[in-house]
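Numbering (our numbering), first residue to last: 146 to 385.
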């Protein structure tokens with residue numbers, strides 16, 4: 146799944162993650178070594194595991210801050226591990242696939258925060274890991290949307306409530322909702338959301354942004370805030 150690993154320069158600006166625990170599941174050790182060296186995270190700890198069942202066991206025992214998960218594992222599929230990860234909580238997850246668009250879409254449908262191909266350079270993956278970790282950190286500001294939605298977001302605690310009831314979101318769903326709230330009233334295209342949330346361009350298609358919006362909407366609908374995120378066909382998404 147993962148291609149040859151060549152030079153792996155240190156990526157600047159990726160420090161400041163002391164105490165961070167990252168699980169790396171399902172790729173060659175040399176790839177994870179290159180990733181660790183590329184990130185150069187001061188004090189971050191990386192735990193590697195080669196099997197899906199081993200990954201699930203570690204996730205049940207330890208409080209990981211992020212998971213990088215290979216699609217192809219020797220015992221169970223990466224998607225099985227992803228599903229179990231989501232059942233256990235909202236740990237940010239990056240899935241590495243062989244590049245099949247159907248599998249990429251499946252990863253987003255199951256709650257992956259990001260999906261990359263297995264030949265991604267370690268330095269690029271390091272940037273995405275760092276960006277996803279940063280999205281879990283924010284200020285103490287509380288944002289609110291009044292009637293009829295009665296939604297409140299507390300950034301520092303990574304909490305969203307609808308009518309006082311907690312709403313469980315993944316790190317990426319939280320980041321998308323935060324962006325739409327920050328720029329409330331402004332119509333944001335899929336490309337803009339991809340750039341602002343993931344800090345890179347789309348894969349040439351807005352589908353992976355659409356998948357995140359769809360999952361977020363479904364949770365908001367069930368919580369009693371249907372229609373909070375509006376779609377303007379051909380333009381993008383907005384919270385009024």
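Positions of the beta carbon are idealized from the N, C-alpha and C atoms, including for glycine.
- When only Cα atoms are considered, residue 363 and residue 273 end up about 26 angstroms apart.
- Leaving aside the five residues that flank residue 376 on each side, the residues in its chain whose CB is nearer than 7 angstroms to its CB run, in chain order, 382.
- Taking every protein chain shown into account, the CB of residue 321 has 16 or more other CB atoms within 10 angstroms, so this residue is buried.
- In this chain, the beta strand (DSSP E) harbouring residue 239 covers 238 to 242.
- Taken through DSSP and simplified to helix, strand or coil, residue 289 comes out as strand.
- Beta-bridge pairing by DSSP links residue 381 to 377.
- Judged by DSSP secondary structure, residue 250 falls outside any beta strand (DSSP E) and instead within the alpha helix (DSSP H) spanning 246 to 254.
- Judged by DSSP in its simplified three-state form, residue 208 adopts coil rather than helix or strand.
- In the DSSP assignment, residue 276 falls within the alpha helix (DSSP H) that extends over 267 to 279.
- For residue 310, the number of other beta carbons within 10 angstroms of its own is below 16, and it is reported as exposed.
- With a contact defined as Cβ atoms closer than 8 angstroms, residue 339 and residue 254 miss out at about 17 angstroms.
- Burial check for residue 332: the Cβ neighbour count within 10 Å stays below 16, so the residue is exposed.
- In the three-state reduction of the DSSP assignment, residue 190 falls in the strand class, which pools E and B.
- Counting the other CB atoms within 10 Å of its CB gives residue 267 a total of 16 or more, which places it among the buried residues.
- The stretch 216 to 231 makes contact with the stretch 192 to 207; the number of CB pairs closer than 8 angstroms reaches 3 or more.
- Using a 10 angstroms sphere on the CB of residue 232, the tally of other CB atoms stays under 16, which defines it as exposed.
- Residue 280 has its alpha-carbon roughly 18 angstroms from the corresponding atom of residue 306.
- C-alpha of residue 313 to C-alpha of residue 304: approximately 8 angstroms in a straight line.
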